[in-house]
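Residue numbers (the numbering used here): 3 to 294.
Okay, here's the thing in structure tokens:
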């Protein structure tokens, strides 16, 4: 891993664990935020650069693979590098390891756009920063993402999250931090799966959970403190134990679509920590509400 830069090192705190007894997905994105800041700073694109030049790198999308669980007390670290250099964007690669076992737990392919801070208009990367990024290039040996059909509209979607952006959600660049998008999508997932029977009561009584193994996140709009946020969700695939959901987040003040998330997960046996088949009644209800 000599070509990679260590960008985070820490631990899973008890208050970061969800009802599935593992690290909440939003807190993976908190670590990703730290890793991105460290890598950008090493390329001369950090906070000082933004203050000096009025430009910054904003996330346009992430492809995340959750390979192994992290549980309370687990120690972890992240290494990062540059996968690709574009005219006005970078593709960053991050690998999160369980520091005790050495296992890769999560991989993130993150595309960041270089933009003018006020208007978010694309700006070419400066020559010095481009050279620095080229020197940080790493080999990305992660399977390529699968591009799947997605709903073209919102017919059949269910209301799944609604709240307001808080001032403390803003990061050091003045943008809403990625983890706060993901917290909203996690809440949306709970409401979306309850529609076809995977309710909190069912999960508690049957010792079942929902374990995410892939995210495809796309960001295309702007949120500011005070903006009302709405998420609508649809189930787009159901298998023996697996499910795929599609979430759409909008800024209700402007009507703008600000983010989408394609989420893949499995019906989890909480004791065996393995996928388990969906009960027939739940699968039938799920198939009845599928959005194509």
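Positions of the beta carbon are idealized from the N, C-alpha and C atoms, including for glycine. Since the model is a prediction, treat every value here as computed from it, not as a measurement.
- DSSP places residue 122 in no alpha helix (DSSP H); its state is neither H nor E.
- Note: residue 5 is not bridge-paired with any residue in the DSSP secondary-structure output.
- Ranked by Cα distance from residue 257, the options 248, 230, 265 are led by 230.
- Taking a cut-off of 8 angstroms for Cβ pairs, the region 92 to 100 and the region 244 to 253 do not touch, as fewer than three such pairs fall below it.
- In this structure, residue 188 lies near residue 27, with their beta-carbon atoms less than 9 angstroms apart.
- Annotation: the continuous alpha helix (DSSP H) that includes residue 44 extends over 27 to 44.
- In the three-state reduction of the DSSP assignment, residue 131 falls in the helix class, which pools H, G and I.
- The beta carbon of residue 6 is closer than 7 angstroms to those of 81, 82, 83, 140 in its chain, skipping five residues each way along the sequence.
- For the options 266, 182, 136, 66, the alpha carbon positioned closest to that of residue 44 is the one of 136.
- By the neighbour-count definition (other C-beta atoms within 10 Å, threshold 16), residue 116 is a buried residue.
- Per DSSP, the beta bridge partners of residue 57 are 118.
- Nearest in C-alpha terms to residue 58, of all of 131, 109, 99, 19, is 131.
- With respect to residue 145, residue 294 sits apart: the two C-beta atoms are not nearer than 9 angstroms.
- Here the alpha carbon of residue 41 sits roughly 7 angstroms from the alpha carbon of residue 9.
- DSSP places residue 244 in the strand class (E or B) of the three-state scheme.
- Going by DSSP, residue 165 is part of the beta strand (DSSP E) stretching over 160 to 166.
- When the beta-carbon positions are compared, residue 162 and residue 191 come within less than 9 angstroms of each other.
- Between the alpha carbons of residue 18 and residue 25 lies a distance of about 6 angstroms.
- Burial is judged here by how many other beta carbons sit within 10 angstroms of a residue's own beta carbon; residue 288 has at least 16 and is buried.
- At least 9 angstroms separates the beta-carbon of residue 175 from that of residue 236.
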